[in-house]
Amino acid sequence: MKLIIREYLASLRERKELDALLPDLLSQMGLDVFSKPSVGGRQYGVDIAAFGSIDGDVDKVYLFSVKSGDLGRADWNGGSVQDLKPSLDEILDVYIPMHLPSEYEDKPIEICLCFGGDLKESVRLNVSAYEKKHSTESISFSHWNGEKLSMYIEQYFLREELLPEECRPLLRKSLALLDEPEASYAHYAQLIKRLSIVDIEKPEKTLTAIRQMYLCLWILYSWAREADNLECAYQASELTLLLAWDTAKPFFDKKTKTETAIKETLSAIQLLQFEVNCLFVEQKILPHTSQLYALSSAVKPSCSVDVNLKLFDLLGRLAVTGLWHYWYLNLLPDNEESIEEIKNYCDSIEQYQTAVKQLIANNPILLTPYKDDQAIDVAIASWFLSLEDYNREELHAWLLQIVRATKYLFGTKSNYPCNLNSYHELIDHPKADEGYLEEVTKGSILYPVIAAFSALHNFDDIYSIVQTIQTKYLPHCNFQIWFPDEASEEYFYNNTQPHGATFSHVKMDQAADKFLDEVLAECVHSASFDQLSAITSTYWPVIFLACRHYRMPVPMHFIKSLFHENEAKRASLVQDADAQEVNP
Amino acid sequence: MSDYYEQLLSAHKEDLFLDKAYSLVRENYDDRKSIAESAAKLHNDNALNLANEFLLLTSDSGIDFFQTRHVFEDALPLCNMATNEAIECVLHLTKEAGNDMAAGWCIPPFISYCTNESSRALEAMELILNNNAEWLDLLSPVLVSGSNVEPKAFSQKAIELTQKSNIEIKVQAIHALGRMELSNESIDEVLSALKAVVENDYNDQCYSEVLWSAYSLLKADNSQEANVSEVINLSLGGLGEQTLHAASRLFMFEKNTIPIDILENLFVAFKSIPAKNTATFDQLDHGLVSLLDEENYESPFKLIETLIVSSGGDVKVTFFDSFARDLFNKKDLLNKLITRWFLSGETWLERACYELIKNASEKGVELQVDASLLTHEHPDIHVYLAKKACGWFYLKPVSAVSFIVSLIDHAKDEHLPFFQELLFHPLLVSYSGQAKDYLTSIENTASAKVNNIISLSLEKLDHYHQGLQDAMAINELSPSIADRQAYQRKSSQEMTEIYKEANKNSLMSQIMGSPSVILYGMSSIHYVYGADDQKTRQVVPMQSFSTSVEYPSLSFLDPHGIDSVLRAYKLEEKCV
Numbered sequence: 001m002k003l004i005i006r007e008y009l010a011s012l013r014e015r016k017e018l019d020a021l022l023p024d025l026l027s028q029m030g031l032d033v034f035s036k037p038s039v040g041g042r043q044y045g046v047d048i049a050a051f052g053s054i055d056g057d058v059d060k061v062y063l064f065s066v067k068s069g070d071l072g073r074a075d076w077n078g079g080s081v082q083d084l085k086p087s088l089d090e091i092l093d094v095y096i097p098m099h100l101p102s103e104y105e106d107k108p109i110e111i112c113l114c115f116g117g118d119l120k121e122s123v124r125l126n127v128s129a130y131e132k133k134h135s136t137e138s139i140s141f142s143h144w145n146g147e148k149l150s151m152y153i154e155q156y157f158l159r160e161e162l163l164p165e166e167c168r169p170l171l172r173k174s175l176a177l178l179d180e181p182e183a184s185y186a187h188y189a190q191l192i193k194r195l196s197i198v199d200i201e202k203p204e205k206t207l208t209a210i211r212q213m214y215l216c217l218w219i220l221y222s223w224a225r226e227a228d229n230l231e232c233a234y235q236a237s238e239l240t241l242l243l244a245w246d247t248a249k250p251f252f253d254k255k256t257k258t259e260t261a262i263k264e265t266l267s268a269i270q271l272l273q274f275e276v277n278c279l280f281v282e283q284k285i286l287p288h289t290s291q292l293y294a295l296s297s298a299v300k301p302s303c304s305v306d307v308n309l310k311l312f313d314l315l316g317r318l319a320v321t322g323l324w325h326y327w328y329l330n331l332l333p334d335n336e337e338s339i340e341e342i343k344n345y346c347d348s349i350e351q352y353q354t355a356v357k358q359l360i361a362n363n364p365i366l367l368t369p370y371k372d373d374q375a376i377d378v379a380i381a382s383w384f385l386s387l388e389d390y391n392r393e394e395l396h397a398w399l400l401q402i403v404r405a406t407k408y409l410f411g412t413k414s415n416y417p418c419n420l421n422s423y424h425e426l427i428d429h430p431k432a433d434e435g436y437l438e439e440v441t442k443g444s445i446l447y448p449v450i451a452a453f454s455a456l457h458n459f460d461d462i463y464s465i466v467q468t469i470q471t472k473y474l475p476h477c478n479f480q481i482w483f484p485d486e487a488s489e490e491y492f493y494n495n496t497q498p499h500g501a502t503f504s505h506v507k508m509d510q511a512a513d514k515f516l517d518e519v520l521a522e523c524v525h526s527a528s529f530d531q532l533s534a535i536t537s538t539y540w541p542v543i544f545l546a547c548r549h550y551r552m553p554v555p556m557h558f559i560k561s562l563f564h565e566n567e568a569k570r571a572s573l574v575q576d577a578d579a580q581e582v583n584p
Numbered sequence: 001m002s003d004y005y006e007q008l009l010s011a012h013k014e015d016l017f018l019d020k021a022y023s024l025v026r027e028n029y030d031d032r033k034s035i036a037e038s039a040a041k042l043h044n045d046n047a048l049n050l051a052n053e054f055l056l057l058t059s060d061s062g063i064d065f066f067q068t069r070h071v072f073e074d075a076l077p078l079c080n081m082a083t084n085e086a087i088e089c090v091l092h093l094t095k096e097a098g099n100d101m102a103a104g105w106c107i108p109p110f111i112s113y114c115t116n117e118s119s120r121a122l123e124a125m126e127l128i129l130n131n132n133a134e135w136l137d138l139l140s141p142v143l144v145s146g147s148n149v150e151p152k153a154f155s156q157k158a159i160e161l162t163q164k165s166n167i168e169i170k171v172q173a174i175h176a177l178g179r180m181e182l183s184n185e186s187i188d189e190v191l192s193a194l195k196a197v198v199e200n201d202y203n204d205q206c207y208s209e210v211l212w213s214a215y216s217l218l219k220a221d222n223s224q225e226a227n228v229s230e231v232i233n234l235s236l237g238g239l240g241e242q243t244l245h246a247a248s249r250l251f252m253f254e255k256n257t258i259p260i261d262i263l264e265n266l267f268v269a270f271k272s273i274p275a276k277n278t279a280t281f282d283q284l285d286h287g288l289v290s291l292l293d294e295e296n297y298e299s300p301f302k303l304i305e306t307l308i309v310s311s312g313g314d315v316k317v318t319f320f321d322s323f324a325r326d327l328f329n330k331k332d333l334l335n336k337l338i339t340r341w342f343l344s345g346e347t348w349l350e351r352a353c354y355e356l357i358k359n360a361s362e363k364g365v366e367l368q369v370d371a372s373l374l375t376h377e378h379p380d381i382h383v384y385l386a387k388k389a390c391g392w393f394y395l396k397p398v399s400a401v402s403f404i405v406s407l408i409d410h411a412k413d414e415h416l417p418f419f420q421e422l423l424f425h426p427l428l429v430s431y432s433g434q435a436k437d438y439l440t441s442i443e444n445t446a447s448a449k450v451n452n453i454i455s456l457s458l459e460k461l462d463h464y465h466q467g468l469q470d471a472m473a474i475n476e477l478s479p480s481i482a483d484r485q486a487y488q489r490k491s492s493q494e495m496t497e498i499y500k501e502a503n504k505n506s507l508m509s510q511i512m513g514s515p516s517v518i519l520y521g522m523s524s525i526h527y528v529y530g531a532d533d534q535k536t537r538q539v540v541p542m543q544s545f546s547t548s549v550e551y552p553s554l555s556f557l558d559p560h561g562i563d564s565v566l567r568a569y570k571l572e573e574k575c576v
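Chains A and B are the protein sequences, given in the same order.
Residues in the first sequence are numbered consecutively from 1, following the numbering used here.
Residues in the second sequence are numbered consecutively from 1, following the numbering used here.
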């Protein structure tokens, strides 16, 4: 286990990785962390500062200066302000005399040289000489290398009684099978599910569990990055966030130190999940969305089913990652200081929306959903594109092509959307047997989703084709719309039980606006959506994430929010027009 | 001879006549005439009744049926056998032969037998007409043999019989009239009789016999062309299936001598052959072979076109496989036919273009547009033809690409970007092996205009491949091992089924029987046993063979898009 942790530590980068792990480790060790890494860089050479006792030693102030990987000559004093020696000089010359909180001024100080790897021989003498020169009665030096960090992580994060023996092989297997993501994820999911089972009456145990989840995800992510295969890490990050959310949500309203730490760790998991998503999408996918068939071809398919399943999955991932950017944008205050950041996020959102459109244009398999539950990916992408008016034309073209192609597939009895989910059934689909079509198209969420977006955007031509599909090919099919109910809060994030209520036998024979009214009215009746913790705490992308990960329909309440936004825009336009009439 | 005589007699006494006859023929095949003469002499000497002996010969006697029957065939003309016995025995031996091609070989000796004695034919005719209906099968030979002795009397007799109400008798009589050696005067009468037959009640079987007999008369007297043509025309007018079959057979055997008027009438009639009559089409196909040349293609092309279109596609161009093979040796005519059928605007003919080339070779044959057919067409016809070639020949990339490239030199400049795009997508994108190889191979010989388009298309292909190559290293997108295995299982099952099905009709299986499976090694050892139990060891080395198929990549990447595009190309209506 220690080797795994060492490997993981050695692969961590300094910014937001090794220095993000350390505060949690120190807190878990019982120290009081009074200074954490800030975005702008280290504070006078100090990345992290903590106070307390380690292993029964006297209480000390621990000042950490963090470097990633091995510490060599270039990192010690290679001429950069980020090097370790200038940082230590700053600690000695500025931080200790001028910046140390007054309550710790008379306490012994230990300056900790922290690096994920080892101290290289080439620099060992220099470091020793430096330490000898600057050691005093109250100031000492220590090395927190990979070995020591691993020891503490194993001792404090993964203690036998906290990370049961049966969990360790799961992590090991998950890491060993990273090249077979499905198997790797299966082991990891077992591990995270076990860790998420905690007694909520004991916040400390929840805090430890959630920190362990965070650490396990980190370890998996760092290994996956090394193996150049993020597939398992991607899915694992989604599951970890969802289960961590489920574990942490009872403590959202409480403000004690432990409960605050729980929320902070959850926030760290969310950040890590976002990082994994962004790395996957930005490094692996975005460079290729503009190339014709490049991503379809990269699947190395045995048949078109392979391309279809992977590309719709990719579409959902791309859109969800874009939604997180949109969410971050909305967190920013609307003031002068945030202008740069707002611009960056706006650019990112536009980049993601362009990528979604390119992905569709260059991979036409996205015009033909094979599985009805690909409605989920269609809904997420449509919602994401609906956020900006300038995507309207492409959204219309895409949905129109989907319904036209679907009609064509029914007409030619070729891969029409079906309720089959297993791969071996899908590669045999469709069969010519009598009654087969009715059997595999018993229910659908796809057409109501497309109809809802069509009604929302006044895409009458699309809505009309959906009506034709229902009357001509699917009169037997139960068109349905899912809504969250009272049980959804309990099961949305862990998926341990079915939940929600389904509005069944949706009739498409009415006009589009009537259909939309009916859907919106049902949203009002299904008020449980507004009570979901992800909604009340404004972390609404978590709902999209849960829908994508657990293959649950996207609640129509999101369409309702778009409808209200559209209404507001329309009202504003009318107001502007009226004003112009008064003052031409 | 006396030796055979004695041996046969001795065997007869022991009820082993047929066995002896067979053993004698087998051991003295070159002297089988003498054996037959001995048998005839034994009959004529009343030492035995040859008819009675051969009535015992059956196809499951345990001796070679046909070799033994030869003795009877050679002996019959020499025998003083009672006519009824001769008839009975000939019919028995013919029936026992079943569907064998040699079943009717007893008939010529029977004709000789009847001819040898002037009264026999008349007697036989009386017996046949007054006796068992099964004997009617010999009426025609009897009439022919009678005409050999008394032509006038027997032709008249046959003419009379054509007026009988019994169809079997009519058919036999008409059949006989076509095989008699008649005087010119009689031919006039016979033609009148045949005309009367087709002018009266319709019967397909009679009409088919009339057709053959009338043509036989033309061969005997070519001055009768007009009359014969009239009779044939009348018989074809019924459009009966048997008549059409007879007509196709006549065409197959006589195509080089049939007068043009009659040939044209036959072609008109052939257009009515029902699609189910594959045997008739086989004969027609054999007739069409070698009829085709640079000047003489219109009628065969027209005939096949009419058959395909009027049958609504039920008649396939694959019915004419010999014709197609001939066409592949005459590339200009093949190009002409493909161009002509694409220009026809008839979907059935366009489909026939694909059926014509689909089995020619894996990647397709090289084709070129016949520009002489484009003279009076719409200026945008090149685009239309290119779409047709792409739509119908998509699975045969070399055919599609070569035909499209051949259009470029004739196309308007404004259409060139279309050609470039069409070559790139879907053809080069789908077949970056075969299509690219073909384009590269003609780069040096093509015109500057064509070369330019090829260069631009290949450049775009390189850029496209670079895009694919860059994305190839995304490990995250690979399907799971479980999915891969599921697909391999399905694929393997399908291949096994296909292999089994192919083996059923395999020539190798038919010749060699069930295959033996060698589990290990690269050669098989076996022993050949000779005389005196001498055995020779033989080692047969095995050869490995392999084949590869380029599967169009768009079938994975955009199966429904490409399907829809190809369908649209196929169904596009001609610009006028």
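For each residue, glycine too, the CB sits at the ideal point set by N, CA and C.
Residue i and residue j closer than 8 Å at C-beta
i: L456 of chain A; j: V440 of chain A; result: no
i: I232 of chain B; j: Q205 of chain B; result: no
i: P77 of chain B; j: N44 of chain B; result: no
i: W383 of chain A; j: L562 of chain A; result: yes
i: K33 of chain B; j: D74 of chain B; result: yes
i: Q470 of chain A; j: F479 of chain A; result: yes
i: K574 of chain B; j: G313 of chain B; result: no
i: A233 of chain A; j: A224 of chain A; result: yes
i: F17 of chain B; j: L48 of chain B; result: yes
i: Q353 of chain A; j: G316 of chain A; result: no
i: I339 of chain A; j: L329 of chain A; result: no
Best match in the options for proximity to residue i [C-alpha to C-alpha]
i: E147 of chain A; options: A:G116, A:H476, A:V127; result: A:G116
i: L263 of chain B; options: B:R537, B:F403, B:L303, B:Y431; result: B:L303
i: L149 of chain A; options: A:L215, A:A451, A:H396, A:A209; result: A:L215
i: L307 of chain B; options: B:A269, B:Y297, B:L333; result: B:A269
i: S457 of chain B; options: B:I442, B:E476, B:K436; result: B:K436
i: K170 of chain B; options: B:N200, B:P109, B:Y354, B:E6; result: B:N200
Neighbourhood of residue i by C-beta, 6 Å cutoff - its chain only, sequence neighbours within 5 removed
i: T289 of chain A; result: A355, Q358, L359
i: H476 of chain A; result: E438
i: A21 of chain B; result: T68, V71
i: F459 of chain A; result: H396
CB-CB length for residue i against residue j, believed under 8 Å
i: F251 of chain B; j: L218 of chain B; result: Between L218 of chain B and F251 of chain B the Cβ distance is about 14 Å, and since that is not below 8 Å, they are no contact.
i: S208 of chain B; j: A173 of chain B; result: S208 of chain B to A173 of chain B, Cβ: 14 Å. No contact.
i: I465 of chain A; j: V506 of chain A; result: With a Cβ gap of about 16 Å, I465 of chain A and V506 of chain A do not count as contacting.
i: A268 of chain A; j: A20 of chain A; result: 7 Å
Same chain, Cβ closer than 8 Å to residue i, neighbours up to 5 away in sequence not counted
i: S65 of chain A; result: R42, G45, V46, D47, L84, S87, L88, I91, I111, C112, L113, C114
Runs of beta strand (DSSP E) lying entirely within the region 62-120 of chain A, each at least 3 residues, in chain order: 109-115
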